[in-house]
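Below is one structure, written out as structure tokens; the observations come after it.
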Amino acid sequence: EFLSNPPVVVKNYQIANSVRFFPAVRALWQEGGVSRFFSGVSMGVLRKSLANAIVLQTIGPTKSFLKGGIEALVGDPTQREIVLSFIGGSFTGGLAEVLTN
């Protein structure tokens, strides 16, 4: 989250002010130096922590719910666990992102 914040700040500034990349970077630097590129990072870390907590609490019950349907479609136990983890993780991760954005 910390490393991905500066490009997001620049992108948002570009969108809000209809400017290109380098003018946006210069303007942001003049507004507050290095710290300006990290504005909002604490809320991003908080949001991501909440999203991860949602995933950790819901992935087990989600996989249990999906297990019967996956067993009917995938015969091999190893492949079944992979498919179950992929679908369960995708569903809970997507839901967590929607709930925390």
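Numbering (the working numbering), first residue to last: 2 to 102.
We treat Cβ as the ideally placed atom computed from N, Cα and C, and that holds for glycine.
Query: Within 8 Å, strictly: CB atoms of Lys64 and Ser86; Result: yes
Query: Stretch-stretch touch, CB-based, cutoff 8 Å, three pairs: the region 75-84 with the region 38-52; Result: no
Query: Any 3 or more C-beta pairs closer than 8 Å across the region 2-15 and the region 34-43; Result: yes
Query: Glu2 vs Val46 beta-carbon contact at 8 Å; Result: yes
Query: Cβ-Cβ separation, Gln15 to Phe22 (assumed contact under 8 Å), whole Å; Result: 7 Å
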